[in-house]
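Report on the following structure.
There are 2 protein chains.
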Amino acid sequence: MIYNRIKTLRSDKGLSRKELADAVEVNFQTIGYLERGDYNASLELAFKLAEFFEVPLDMAFSPRPFKTIAEELAALKAAE
Amino acid sequence: MIYNRIKTLRSDKGLSRKELADAVEVNFQTIGYLERGDYNASLELAFKLAEFFEVPLDMAFSPRPFKTIAEELAALKAAE
DNA sequence: TCATATTGTTGTATTTATACAACAAATATT
DNA sequence: AATATTTGTTGTATAAATACAACAATATGA
Chain A
1 MIYNRIKTLR
11 SDKGLSRKEL
21 ADAVEVNFQT
31 IGYLERGDYN
41 ASLELAFKLA
51 EFFEVPLDMA
61 FSPRPFKTIA
71 EELAALKAAE
Chain B
101 MIYNRIKTLR
111 SDKGLSRKEL
121 ADAVEVNFQT
131 IGYLERGDYN
141 ASLELAFKLA
151 EFFEVPLDMA
161 FSPRPFKTIA
171 EELAALKAAE
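Top to bottom, those sequences are chains A and B. Counting along the first sequence from 1, when you hit position 42 you're at 42 in the numbering used here, and nothing is skipped either side. Going from the second sequence to the numbering used here is simple: count from 1 and add 100.
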């Protein structure tokens, strides 16, 4: 299982699934499947999405659950 | 099409396909397919391989052809 | 050189990712 | 509230990734 932040990245940009799907050239329902975790993106699609969102691939996809914002902040504080 | 450096990374470590395959829990022939570019790794396998080789994912996989060592050196020199 | 291990090739089977359609449920817009 | 847009669900179809087997070709090592 691979975790992803597609939904967050997408809504941050104020895009609908259809718009994102068009941008990376997949069916709009494919975006839905990915966001719900029904299946993983292919490597190819993962690269396209990361590129589209202008983030490194492992900021959009991770083999381990992403930290919540609260956890990120706690980690930052601990690292001071 | 996604490019990869699995063959290089693997032979740098002096491993056979079988050994690498066992380490990332796939069939040894799957490694062969990937090395020959017959098909792409899944995102899951890509993460496992990158982790195994201790390199960032995009050092092992890229949507664009990797530079040769000569090109890398030329780029380094140009950046001086 | 002979034996063994590794790699390449071909072929079949299964699983997973993607496409597409129809329609219901939920949100947003006017 | 009525309408339109977006999202969720289910179902079918195809393509791509993976497993596995058998065997040929190459390379490695005794």
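Yeah, the Cβ is synthetic: ideal placement off N, Cα and C, and Gly gets one too. Since the structure is predicted, the reported quantities are computational estimates derived from the model, not experimental observations.
Nearest neighbour of residue 109(B), chosen from 147(B), 159(B), 139(B) and 122(B) [CA to CA]:
When only C-alpha atoms are compared, the closest one is 159(B).
Compare the beta carbon distance of residue 66(A) and residue 17(A) with 8 Å and say whether it is the shorter of the two.
No.
Pairwise C-alpha distance: residue 55(A) and residue 63(A):
About 17 Å.
Which of the three DSSP states is assigned to residue 161(B) in this structure?
Strand.
By Cβ distance, which residues of its chain are closer than 8 Å to residue 2(A), with the 5 residues on each side in sequence left out?
Once the five neighbours on either side are set aside, the close Cβ partners of residue 2(A) are 40, 41, 61, 62 and 63.
With residue 10(A) as the anchor, note down where its alpha helix (DSSP H) starts and where it stops.
Judged by DSSP secondary structure, residue 10(A) falls within the alpha helix (DSSP H) whose first and last residues are 6-12.
Report the three-state DSSP secondary structure of residue 3(A) (helix, strand or coil).
Judged by DSSP in its simplified three-state form, residue 3(A) adopts strand.
I'd like to check one pair, residue 35(A) with residue 7(A): are the Cβ atoms closer than 8 Å?
Judged by their CB atoms, residue 7(A) and residue 35(A) are nearer to each other than the 8 Å cut-off.
So, at 7 Å on beta carbons, what are the nonlocal neighbours of residue 132(B) in its own chain, with the 5 sequence-adjacent residues on each side left out?
117, listed in sequence order.
My assumption, with CB atoms under 8 Å, is that residue 146(B) sits in contact with residue 43(A). Please give the rounded CB distance.
Yes, they are in contact, since the Cβ atoms of residue 146(B) and residue 43(A) sit about 5 Å apart, within 8 Å.
So that I know if they touch, is there some Cβ in chain B lying closer than 8 Å to that of residue 71(A)?
No, because no Cβ of chain B sits closer than 8 Å to the Cβ of residue 71(A).
By Cβ distance below 7 Å, which residues in the same chain neighbour residue 130(B) in space, the five residues on each side in sequence not counted?
The residues are 121.
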